[in-house]
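K.L.:
Protein chains: 2
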Amino acid sequence: MINKLVEKIKKTEAPIVVGLDPMMKFIPEHIQKAAFAEFGETLEGAAEAIWQYNKAIVDHIYDLIPCVKPQIAMYEQFGIPGLIAYKKTIEYCKSKDLVVIGDIKRGDIGSTSEAYAVGHLGKVQVGSNSFYGFDEDFATLAPYMGADSINPFKKVCQEEKKGLFILVKTSNPSSGDFQDRLIEGRPLYEWVAKKVVEWGSDFMGDSYSYIGAVVGATYPEMGKVLRELMPKSFILVPGYGAQGGKGADLVHFFNKDGLGAIVNSSRGIIAAHQQEQYKAIGEANFAEASRQAVIDMREDIKQALG
Amino acid sequence: MINKLVEKIKKTEAPIVVGLDPMMKFIPEHIQKAAFAEFGETLEGAAEAIWQYNKAIVDHIYDLIPCVKPQIAMYEQFGIPGLIAYKKTIEYCKSKDLVVIGDIKRGDIGSTSEAYAVGHLGKVQVGSNSFYGFDEDFATLAPYMGADSINPFKKVCQEEKKGLFILVKTSNPSSGDFQDRLIEGRPLYEWVAKKVVEWGSDFMGDSYSYIGAVVGATYPEMGKVLRELMPKSFILVPGYGAQGGKGADLVHFFNKDGLGAIVNSSRGIIAAHQQEQYKAIGEANFAEASRQAVIDMREDIKQALG
Numbered sequence: 000m001i002n003k004l005v006e007k008i009k010k011t012e013a014p015i016v017v018g019l020d021p022m023m024k025f026i027p028e029h030i031q032k033a034a035f036a037e038f039g040e041t042l043e044g045a046a047e048a049i050w051q052y053n054k055a056i057v058d059h060i061y062d063l064i065p066c067v068k069p070q071i072a073m074y075e076q077f078g079i080p081g082l083i084a085y086k087k088t089i090e091y092c093k094s095k096d097l098v099v100i101g102d103i104k105r106g107d108i109g110s111t112s113e114a115y116a117v118g119h120l121g122k123v124q125v126g127s128n129s130f131y132g133f134d135e136d137f138a139t140l141a142p143y144m145g146a147d148s149i150n151p152f153k154k155v156c157q158e159e160k161k162g163l164f165i166l167v168k169t170s171n172p173s174s175g176d177f178q179d180r181l182i183e184g185r186p187l188y189e190w191v192a193k194k195v196v197e198w199g200s201d202f203m204g205d206s207y208s209y210i211g212a213v214v215g216a217t218y219p220e221m222g223k224v225l226r227e228l229m230p231k232s233f234i235l236v237p238g239y240g241a242q243g244g245k246g247a248d249l250v251h252f253f254n255k256d257g258l259g260a261i262v263n264s265s266r267g268i269i270a271a272h273q274q275e276q277y278k279a280i281g282e283a284n285f286a287e288a289s290r291q292a293v294i295d296m297r298e299d300i301k302q303a304l305g
Numbered sequence: 000m001i002n003k004l005v006e007k008i009k010k011t012e013a014p015i016v017v018g019l020d021p022m023m024k025f026i027p028e029h030i031q032k033a034a035f036a037e038f039g040e041t042l043e044g045a046a047e048a049i050w051q052y053n054k055a056i057v058d059h060i061y062d063l064i065p066c067v068k069p070q071i072a073m074y075e076q077f078g079i080p081g082l083i084a085y086k087k088t089i090e091y092c093k094s095k096d097l098v099v100i101g102d103i104k105r106g107d108i109g110s111t112s113e114a115y116a117v118g119h120l121g122k123v124q125v126g127s128n129s130f131y132g133f134d135e136d137f138a139t140l141a142p143y144m145g146a147d148s149i150n151p152f153k154k155v156c157q158e159e160k161k162g163l164f165i166l167v168k169t170s171n172p173s174s175g176d177f178q179d180r181l182i183e184g185r186p187l188y189e190w191v192a193k194k195v196v197e198w199g200s201d202f203m204g205d206s207y208s209y210i211g212a213v214v215g216a217t218y219p220e221m222g223k224v225l226r227e228l229m230p231k232s233f234i235l236v237p238g239y240g241a242q243g244g245k246g247a248d249l250v251h252f253f254n255k256d257g258l259g260a261i262v263n264s265s266r267g268i269i270a271a272h273q274q275e276q277y278k279a280i281g282e283a284n285f286a287e288a289s290r291q292a293v294i295d296m297r298e299d300i301k302q303a304l305g
């Protein structure tokens, strides 16, 4: 799957992942109305609105990008109906040949980690049958519990040729609370990066490891150091756009081959119709606005990478 | 909810939380057969088996204990049907007046953390209505992303009078990969503990904070230090029984008032019928074996606390 991701980035010339993180306030009135007319102002109604919104956006951008990243929390908040919409979104994106990163940030140990791994990336056994649960291509993971939380996922990934992105330095303001604390003179996130390299070193694709890292666009100086520490790890870069990361900040996250990083934008793309820049396109054509925002983001990154 | 937890511990004289972490290999043949006869060897069949298994166990132990802790991964692995069984289990336990800790170990930031918080502990808004998603009483959280990942949960907890348990020192062998690393001469888990105290200090119940910590029974010496560092934080203690923690190790996790900790056992209780000690009770009476195991665990802790 890491090879497919690299190929698709080369083909689209867009090291971009679109975060499918729908919030009700992003979803145009006409979509909400239609969904509520059918299902009422219920969890089912919200889930239907999310699904129709996602579908329209994916239909308008799938040819431009390699990859999407649905944030499961935005679906989980609507309980079971929300999670059904999450699964439907994944299936639909895969039918459009998009690589799907499940932004699940799970982190647990032993049999619990195994359960998350089979539920999201692998197959679960029931009697003599086995079933995919959510079937993402990659998953994001939290590292606090150490190797015990990563290894069961790695095992499933090796069977399924799927991959992981492990939180190293996150994009949020308080990421420094623990991640920046110095251990033997080096910040915790560097120690996590070292482990990411170690965990990924025997699980390589053609040019990059199946085990990558998450490093926020909002910390470009740290990105530079981490890029050097993890030369064979793909870096998933959140924080571009809405969180303040700029195109020019991104250059440090890439290798000299122009690869090695994939930049996420969520509301910058999916809620483009609400931004000054794209307002003229109109709420009715929200998915057109998303398409234009992807094109502009691709240009911004292209220029930054020179 | 922390007050209710304390009251129920006093009333039952059992500082015990039973981990409802069902695995297919624990579930007696006759329950699996009945479920598969109705739904086939499908995700729905697995979910039905889990639900019937949980229900029988809860029916046999609810009067003895204050609290249960379903591990969401064990349900999430069976996809949507599994998560429906998770929700049903929570509802059923609450109908039996048990306090429910959702072992979700979520950790994300900003609007994403908000989404998890409303989905699990609060209510999500849909048009002019609002709905509880999973409606646990407490949730476990991962701290790696710092205050940004905790604050949205805290806000919802303050509205709902619910609480949190934050991972400080986990019970697994590799928990030391990052948690034990020294920062200014003190291990990371102590820094996290300090933050737990800070986050919980303005959110107090009658005697304990609504924000507690997770500290593994497998590290009793660290438990001793952490107990002193966090005198007003309830400690959720996993790792008793199957993971190797013993009754005698637990004394350090409690305060002098005999309170301040709640000890988890999962397979030690729910799969008691598979243990040598309880085999005579028979697989058909698996829930009786669970009841006996709770009684024995209560005694073990009582003796340890003298």
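If you read the sequences in order, they're chains X and P. Each residue of the first sequence is one higher than the one before, counting from 0 in numbering that gives the first Met the number 0. Each residue of the second sequence is one higher than the one before, counting from 0 in numbering that gives the first Met the number 0. Glycine included, C-beta positions come from ideal geometry on N, C-alpha and C. What you are looking at is a predicted structure, and each value in this text was computed from that prediction instead of being measured.
Could you tell me whether any Cβ in chain P is nearer than 7 Å to the Cβ of residue 83 of chain X?
P.N.:
Judged by the 7 Å Cβ criterion, residue 83 of chain X is in contact with chain P.
K.L.:
How far does the alpha helix (DSSP H) with residue 130 of chain X in it extend, from its first residue to its last?
P.N.:
Here residue 130 of chain X belongs to no alpha helix (DSSP H); instead the beta strand (DSSP E) covers 128 to 131.
K.L.:
What does residue 110 of chain X touch in chain P if you count any residue whose Cβ is under 7 Å from its own?
P.N.:
In chain order: 22.
K.L.:
Taking the alpha helix (DSSP H) that residue 384 of chain X belongs to, which residues open and close that run?
P.N.:
Outside the displayed range of chain X (0 to 305) lies residue 384 of chain X, so it cannot be described from this structure.
K.L.:
Going straight from the alpha carbon of residue 77 of chain P to that of residue 204 of chain P, what length do you get?
P.N.:
Each residue's alpha carbon lies about 37 Å from the other.
K.L.:
Okay, do the segment 188 to 205 of chain P and the segment 28 to 47 of chain P touch, 3+ Cβ pairs below 8 Å being the bar?
P.N.:
No, the segment 188 to 205 of chain P is not in contact with the segment 28 to 47 of chain P.
K.L.:
So that I know if they touch, is there some Cβ in chain X lying closer than 7 Å to that of residue 115 of chain P?
P.N.:
True, the Cβ-Cβ gap to chain X drops below 7 Å.
K.L.:
Is it the case that the segment 68 to 75 of chain X contacts the segment 106 to 116 of chain X, given that we only count it when at least three CB pairs across the two stretches are under 8 Å?
P.N.:
Touching, no, given that fewer than three Cβ pairs across the two stretches are closer than 8 Å.
K.L.:
Where do the N-terminal and C-terminal ends of the beta strand (DSSP E) with residue 99 of chain P fall, by residue?
P.N.:
Start and end: 98 to 105.
K.L.:
Give the range of the alpha helix (DSSP H) segment to which residue 196 of chain P is assigned.
P.N.:
Per DSSP, residue 196 of chain P belongs to the alpha helix (DSSP H) from 187 to 199.
K.L.:
Mapping DSSP to helix, strand and coil, what is residue 51 of chain X?
P.N.:
Here residue 51 of chain X sits in helix by DSSP.
K.L.:
Here's the rule I'm using: 16 or more other beta-carbon atoms within 10 Å means buried, otherwise exposed. How should residue 276 of chain X be labelled?
P.N.:
The residue is exposed, with fewer than 16 neighbouring Cβ atoms inside 10 Å.
K.L.:
Can you tell me whether residue 157 of chain P is buried or exposed, with buried defined as 16 or more other CB within 10 angstroms of its CB?
P.N.:
Flag for residue 157 of chain P reads exposed.
K.L.:
On a Cα-Cα basis, can you pick out the residue from X:188, X:139, X:171, X:179 that is closest to residue 164 of chain X?
P.N.:
The shortest Cα separation from residue 164 of chain X among X:188, X:139, X:171, X:179 belongs to X:139.
K.L.:
Please return the same chain residues whose Cβ sits closer than 6 Å to the Cβ of residue 24 of chain X, not counting the five positions on each side in sequence.
P.N.:
Counting only Cβ-Cβ distances below 6 Å, and skipping sequence neighbours, we find nothing.
K.L.:
Could you check if residue 43 of chain P is buried or exposed, using at least 16 other CB atoms within 10 Å of its CB as the buried criterion?
P.N.:
Per the 10 Å Cβ criterion, buried.
K.L.:
Let me check understanding here. Comparing Cα to Cα, which of P:294, P:177, P:289 lies closest to residue 21 of chain P?
P.N.:
Nearest option by C-alpha distance: P:289.
K.L.:
Identify each residue in the segment 167 to 199 of chain X for which the Cβ-Cβ distance to at least one residue of chain P is less than 9 Å, and report them in chain order.
P.N.:
Those would be 169, 170, 171, 172, 173, 174, 175, 176, 177, 178, 180, 181, 182, 183, 187, 190, 191, 194, in chain order.
K.L.:
Relative to the C-alpha of residue 98 of chain X, which residue among X:131, X:57, X:80 is closest?
P.N.:
The shortest C-alpha separation from residue 98 of chain X is found at X:57.
K.L.:
Measure from the alpha carbon of residue 228 of chain X to the alpha carbon of each residue in X:243, X:209, X:191, X:245, then state which is nearest.
P.N.:
Closest by alpha carbon: X:191.
K.L.:
Between the beta-carbon of residue 16 of chain X and the beta-carbon of residue 92 of chain X, is there less than 7 Å?
P.N.:
The answer is no: Cβ separation not under 7 Å.
K.L.:
Measuring straight from C-alpha to C-alpha, what distance separates residue 261 of chain X and residue 125 of chain X?
P.N.:
About 36 Å.
K.L.:
Quick one: list the residues of chain P neighbouring residue 79 of chain X, beta-carbon separation under 7 Å, in chain order.
P.N.:
The contacting residues are 79, 82, 83, 86.
K.L.:
Within the same chain, show all residues whose beta-carbon is closer than 7 Å to that of residue 167 of chain X, passing over the 5 residues directly before and after it, in chain order.
P.N.:
Taken in chain order, the residues that qualify are 188, 191, 192, 195, 212, 213, 214, 225.
K.L.:
Does the beta carbon of residue 70 of chain P come closer than 7 Å to any beta carbon on chain X?
P.N.:
By this cut-off, residue 70 of chain P is an interface position.
K.L.:
Taking the alpha-carbon of residue 143 of chain P as reference, which of P:178, P:162, P:186, P:46 has the nearest alpha-carbon?
P.N.:
Comparing Cα-Cα distances from residue 143 of chain P to each of P:178, P:162, P:186, P:46, the minimum goes to P:178.
K.L.:
Reducing DSSP to helix, strand and coil, say where residue 78 of chain X ends up.
P.N.:
The answer is helix: DSSP assigns residue 78 of chain X an H, G or I state.
K.L.:
Could you check if residue 102 of chain P is buried or exposed, using at least 16 other CB atoms within 10 Å of its CB as the buried criterion?
P.N.:
With 16 or more Cβ atoms within 10 Å of its Cβ, residue 102 of chain P is classed as buried.
K.L.:
Would residue 3 of chain X pass as an interface residue toward chain P - the criterion being a Cβ-Cβ separation below 7 Å?
P.N.:
No, residue 3 of chain X does not count as interfacial toward chain P.
K.L.:
Anything in chain P within Cβ reach of residue 141 of chain X, meaning under 7 Å, just list it in chain order.
P.N.:
The answer, in chain order, is 106, 141, 143.
K.L.:
For a contact defined as C-beta to C-beta under 7 Å, what are the partners of residue 213 of chain X on chain P?
P.N.:
What residue 213 of chain X touches in chain P: nothing, since even the nearest Cβ is about 10 Å away.
K.L.:
Report yes or no: do the segment 296 to 303 of chain X and the segment 245 to 264 of chain X share at least 3 C-beta pairs separated by less than 8 Å?
P.N.:
Segments in contact, yes.
K.L.:
So is residue 128 of chain P in contact with chain X if we call contact Cβ pairs under 7 Å?
P.N.:
Yes, its Cβ sits closer than 7 Å to a Cβ of chain X.
K.L.:
On the CB-based measure, 16 or more other CB atoms within 10 Å of its CB, does residue 319 of chain X come out buried or exposed?
P.N.:
Summary: the structure shown does not reach residue 319 of chain X, with chain X confined to residues 0 through 305, and so no result is reported for it.
K.L.:
Kindly indicate which residue of X:149, X:201, X:35, X:10 has the alpha-carbon position closest to the one of residue 51 of chain X.
P.N.:
Nearest of X:149, X:201, X:35, X:10 to residue 51 of chain X, Cα basis: X:35.
K.L.:
If the cut is a Cβ gap below 9 Å, which residues of chain X does residue 216 of chain P touch?
P.N.:
The contacting residues do not exist; residue 216 of chain P stays about 14 Å from chain X at best.
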